[in-house]
Every structure is written in C-alpha cells, then in structure tokens.
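First the structure, in the form of structure tokens, and then the observations on it.
Numbering (my numbering), first residue to last: 270 to 397.
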C-alpha cells in the first residue's frame, strides 16, 4: 500500500496524469501500427495461424491483468473508506493520503499490461 510519508510517493502522485497520458498515446500509436501490420499480412495471405490466435488471446490476457490491478486497488480504496473515526485525526489523514496515492496510480497501473502488450507487439511485428 502507498506510504504517505514517502516523498517519492507524492512525486508519483503529481506525475501520474502525465505518465498515463504518455502511456495511452504510445499504446494508441502502437495499436495503429500493429493493426496495419496484421491487416497487411491478412490481405496478402502471409498471416500465420499463431498470429491470428494471438490477436485475441493477448488482448484477453492484458485486459484481465488490468482488471485484476483495478479490482485490487478498488478493494484497497474500499477498505480505506471504512475508516474508524475513533482512530483520531492522524489516522484520518493517513487514510485520506493513502486513498489519494492509490487513486492517482490506478489508471497508470491498469494501463501498464495493455501498454506493455501492444508496444511489444509493435516491436515484434516491425522486425518482420
């Protein structure tokens, strides 16, 4: 769980939106390249059965990994929301800070498996 006393956690908090935007942009550009490569191979009849199978299985795996990360973080946020008010102000501040850190990192961590898969495909398919 995110440590609100770690200064690096707050740097990550403030940079998360930019990191997500870069990852999403890279994923979109890579996806275009991957689709162009695969459509070209299908059109010319040079596409393998293994490649056609990957078109589905790799997406299912990447999105499954993303969903698991999202659900894990959502469960952590839900647990933090059940804060015990008798814990005092310090406990309340820690709960809020942890929730902020988790919430900021959720999109980046959920995008990571999809980004990793599509950029790896682009590199692999570019080699021929």
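Using N, Cα and C, we set each Cβ at its ideal position, and we do this for glycine too.
The segment 299-371 contains, as complete alpha helix (DSSP H) runs of 4+ residues, the segments 318-350 (chain order). For residue 371, the CB contacts under 8 Å within the same chain, skipping 5 residues up- and downstream, are 270, 271, 342, 345, 346, 349 in chain order. Excluding the 5 residues flanking it on each side, residue 378 has same chain C-beta neighbours closer than 6 Å at 338, in chain order. With fewer than 16 other Cβ atoms from the protein chains shown falling within 10 Å of its own Cβ, residue 321 counts as exposed. The C-alpha of residue 334 lies about 8 Å from the C-alpha of residue 383. If you draw a straight line from the Cα of residue 353 to the Cα of residue 295, it comes to about 42 Å. Judged by DSSP in its simplified three-state form, residue 286 adopts helix.
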